Amino acid sequence: MKITAIDPIYLRMPEITTAADGTQDTLLVRIRTDRGLEGWGECDASPLVSLAAYCCPMSHGNIINIRESLVGETIDTPDDVRRLHAKALRNGSDIQQIDHAYSGADIALWDLVGKSLGQPVYRLLGGRKAYPKKPYASVLFGDTPEETLRVAQRIQSQGFLAAKFGWGPLGKKDAEWDVALVRAAREGLGSKAELLVDAGWAYGRDVETVLDRARRFSPYRVTWLEEPFFPDAIPEYGELARRKPAVPIAAGENAATLHAAENYIDQGGLSFVQIDAGRIGGITVARKVVEKAAAKGITYVNHTFKSRLSVASALHAFADVEHFKYLEYPGSGSPLAETLAAGTCDRGPDGLVSLTEAPGLGVKINLDCVRKYAAPVRIDISGKTIFTSIE
Numbered sequence: 255m256k257i258t259a260i261d262p263i264y265l266r267m268p269e270i271t272t273a274a275d276g277t278q279d280t281l282l283v284r285i286r287t288d289r290g291l292e293g294w295g296e297c298d299a300s301p302l303v304s305l306a307a308y309c310c311p312m313s314h315g316n317i318i319n320i321r322e323s324l325v326g327e328t329i330d331t332p333d334d335v336r337r338l339h340a341k342a343l344r345n346g347s348d349i350q351q352i353d354h355a356y357s358g359a360d361i362a363l364w365d366l367v368g369k370s371l372g373q374p375v376y377r378l379l380g381g382r383k384a385y386p387k388k389p390y391a392s393v394l395f396g397d398t399p400e401e402t403l404r405v406a407q408r409i410q411s412q413g414f415l416a417a418k419f420g421w422g423p424l425g426k427k428d429a430e431w432d433v434a435l436v437r438a439a440r441e442g443l444g445s446k447a448e449l450l451v452d453a454g455w456a457y458g459r460d461v462e463t464v465l466d467r468a469r470r471f472s473p474y475r476v477t478w479l480e481e482p483f484f485p486d487a488i489p490e491y492g493e494l495a496r497r498k499p500a501v502p503i504a505a506g507e508n509a510a511t512l513h514a515a516e517n518y519i520d521q522g523g524l525s526f527v528q529i530d531a532g533r534i535g536g537i538t539v540a541r542k543v544v545e546k547a548a549a550k551g552i553t554y555v556n557h558t559f560k561s562r563l564s565v566a567s568a569l570h571a572f573a574d575v576e577h578f579k580y581l582e583y584p585g586s587g588s589p590l591a592e593t594l595a596a597g598t599c600d601r602g603p604d605g606l607v608s609l610t611e612a613p614g615l616g617v618k619i620n621l622d623c624v625r626k627y628a629a630p631v632r633i634d635i636s637g638k639t640i641f642t643s644i645e
């Protein structure tokens with residue numbers, strides 16, 4: 255089949271705040287074909303910056319936008335998905351956002367091929383069986399320990415087997431404050447659920463402080479301490495690992511290229527590598543990281559703080575690896591994120607999330623949600639319109 259159209263669609267809530275909440279807006283990518291099939295993907299990136307990579311005018315042979323690279327191409331097999339990934343990134347090699355932006359197109363192409371062949375994406379990647387995963391409710395710390403306690407109690411009442419608290423006020427005061435937040439999260443979750451902590455870069459490059467916080471957090475049975483350093487602090491991650499922190503360390507969500515993920519794995523000494531398929535270049539690249547993490551004995555975990563479309567995309571990349579058991583699962587989000595692909599990757603009676611054998615990603619997009627939150631975009635240059643949103 256032939257690709258006939260690439261539609262980047264900007265969705266946003268009426269108001270955007272400074273909260274570290276990636277569900278407030280998003281960039282969807284719909285790919286249409288001459289057979290009437292459609293594939294859908296989602297980018298976890300600044301939507302309008304990514305949209306530009308789909309429609310910016312050619313500057314030279316290394317700045318060719320994604321739509322020009324894909325429209326008219328044949329897409330029938332997994333090999334075609336990989337071939338087009340290489341073509342689009344080569345054509346746009348001087349577009350600095352290209353890997354990040356192309357994530358949506360890559361995910362949509364896997365969805366398309368799966369639908370065409372009647373196979374779920376994880377099987378197209380070589381998987382034989384999809385194993386259930388433990389979803390952890392991913393939420394922000396409350397502004398105070400008391401508010402954090404209430405959030406944790408809500409999560410516990412919803413039956414989650416694990417929860418991750420992150421960002422917010424952690425690291426904004428002193429050690430006692432940080433411990434109070436973690437203690438409140440543990441108290442609210444109770445003794446059975448796993449607790450994960452996301453520091454949200456709070457400690458910069460300060461290895462001593464991270465060692466201290468890991469020691470202080472360990473009595474609360476923290477499964478991992480995530481992103482304590484800035485994303486580029488690979489040497490500090492390596493030093494931290496050599497000094498054996500009291501809590502396992504997780505990082506990698508900001509990796510926007512395969513090379514960046516490999517740096518975390520090879521030099522960071524991580525126990526868990528977290529990859530966002532909507533940032534790193536799509537399922538094609540996420541799968542490569544899954545395979546490398548498995549070979550290195552590091553646990554792969556998805557990073558997802560978007561809609562259920564993104565959850566499904568992330569899960570297909572590692573569904574067939576039984577011992578990669580954790581699934582980041584947004585525990586609360588905007589109405590946009592909650593309704594875009596409702597009914598996808600729901601928790602079962604056992605609290606776990608399993609893929610179905612539905613073709614493609616197994617996701618049904620709520621078009622009413624798309625219409626409600628679509629933000630019209632038109633780009634004009636010298637009086638000529640180069641991009642207009644699909645109505």
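Numbering-wise (the working numbering), the sequence shown opens with residue 255 and increments by one.
Note that CB positions come from ideal geometry on N, CA and C, so glycine has one too.
A quick note: this is a predicted structure, and the numbers were derived from the prediction, not measured.
Pairwise C-alpha distance: residue j and residue i
i: tyrosine 457; j: glutamate 490; result: 11 Å
i: arginine 601; j: aspartate 353; result: 31 Å
i: isoleucine 329; j: alanine 273; result: 39 Å
i: proline 589; j: serine 370; result: 31 Å
i: aspartate 432; j: glycine 290; result: 53 Å
i: arginine 440; j: alanine 504; result: 19 Å
i: glutamine 351; j: alanine 307; result: 7 Å
i: leucine 606; j: lysine 446; result: 15 Å
i: alanine 342; j: arginine 336; result: 10 Å
i: lysine 427; j: arginine 408; result: 26 Å
i: lysine 418; j: glutamine 412; result: 14 Å
i: histidine 557; j: tyrosine 390; result: 11 Å
i: arginine 321; j: glycine 315; result: 14 Å
i: glycine 372; j: glutamate 611; result: 9 Å
i: phenylalanine 483; j: lysine 256; result: 45 Å
i: glycine 420; j: arginine 632; result: 36 Å
i: valine 436; j: proline 262; result: 40 Å
i: phenylalanine 414; j: proline 603; result: 11 Å
i: leucine 512; j: threonine 463; result: 29 Å
Opening and closing residue of the alpha helix (DSSP H) in which residue i lies
i: leucine 524; result: Premise fails: leucine 524 is in no alpha helix (DSSP H) and is neither H nor E.
i: lysine 446; result: It is not in any alpha helix (DSSP H) - lysine 446 carries neither H nor E in the DSSP assignment.
i: alanine 568; result: 562–572
i: isoleucine 285; result: Isoleucine 285 -> not in any alpha helix (DSSP H); beta strand (DSSP E) instead, spanning 279–287.
i: lysine 546; result: 537–550
i: valine 575; result: Segment: none, valine 575 is in no alpha helix (DSSP H) and carries neither H nor E.
i: arginine 377; result: 375–378
Boundaries (first-last residue) of the beta strand (DSSP E) holding residue i
i: alanine 581; result: Per the sequence presented here, residue 581 reads as leucine, with alanine not at that position. Element bounds for leucine 581: 580–584.
i: cysteine 297; result: 292–297
i: threonine 258; result: 257–266
i: tyrosine 390; result: 388–394
i: isoleucine 503; result: 503–505
i: alanine 591; result: Careful: alanine 591 lies outside any beta strand (DSSP E), inside the alpha helix (DSSP H) at 589–594.
i: asparagine 345; result: Unbroken run through asparagine 345 is the alpha helix (DSSP H), 332–345; no beta strand (DSSP E).
i: phenylalanine 419; result: 416–420
Beta-carbon proximity of residue i to residue j, cut-off 8 Å
i: leucine 649; j: alanine 406; result: Residue 649 lies beyond the stretch modelled for the chain, which goes from 255 to 645, so this question has no answer here.
i: glycine 536; j: arginine 496; result: no
i: valine 393; j: serine 586; result: yes
i: glutamate 481; j: aspartate 452; result: yes
i: glutamate 493; j: valine 527; result: no
i: tyrosine 264; j: proline 311; result: no
i: leucine 305; j: leucine 324; result: no
i: leucine 615; j: aspartate 365; result: yes
i: valine 501; j: alanine 547; result: no
i: alanine 515; j: isoleucine 534; result: yes
i: isoleucine 488; j: glutamine 521; result: yes
i: proline 584; j: threonine 277; result: yes
i: cysteine 309; j: phenylalanine 641; result: yes
i: proline 374; j: proline 613; result: yes
Spatial neighbours of residue i in its chain, beta-carbon cut-off 6 Å, leaving aside the 5 residues before and after
i: serine 561; result: Ala591, Leu594, Ala595
i: alanine 438; result: Pro399, Thr402, Leu403
i: proline 630; result: Ser643
i: glutamate 448; result: Ala416, Thr477
i: asparagine 508; result: Pro485
i: threonine 598; result: Arg562, Ala566, Val617
i: alanine 362; result: Val283, Ile285, Gly293, Trp294, Gly295
i: isoleucine 349; result: Ala307, Ile317
Beta-carbon contacts of residue i that lie in its chain and below 7 Å, excluding the five residues immediately before and after
i: glycine 381; result: Ala573, Asp574
i: threonine 331; result: Val367
i: serine 347; result: Asn316
i: tyrosine 222; result: Residue 222 falls outside the range modelled here, since the chain spans only 255 to 645, and no answer is possible.
i: glutamine 410; result: Gly442, Leu443, Gly444, Ala447
i: glycine 425; result: Asp432, Ala453, Ala456, Tyr457
Close beta carbons around residue i, own chain, < 8 Å, minus the five adjacent residues each side
i: tyrosine 518; result: Ile488, Tyr491, Ala505, Gly506, Ala509, Leu524, Val527
Can you confirm whether the region 354–361 touches the region 277–285 when touching is taken to mean that 3 or more C-beta pairs between the two stretches lie within less than 8 Å? Taking 8 Å as the limit for Cβ pairs, the verdict is that the region 354–361 does touch the region 277–285.
Stretch pair the region 369–389 + the region 571–586: three plus CB contacts closer than 8 Å: Between the region 369–389 and the region 571–586 there are three or more inter-stretch CB-CB distances shorter than 8 Å, so the stretches are counted as touching.
Please confirm if the region 539–557 is in contact with the region 566–575, defined as three or more CB-CB distances below 8 Å between the two stretches. Flag = yes, the region 539–557 and the region 566–575 touch.
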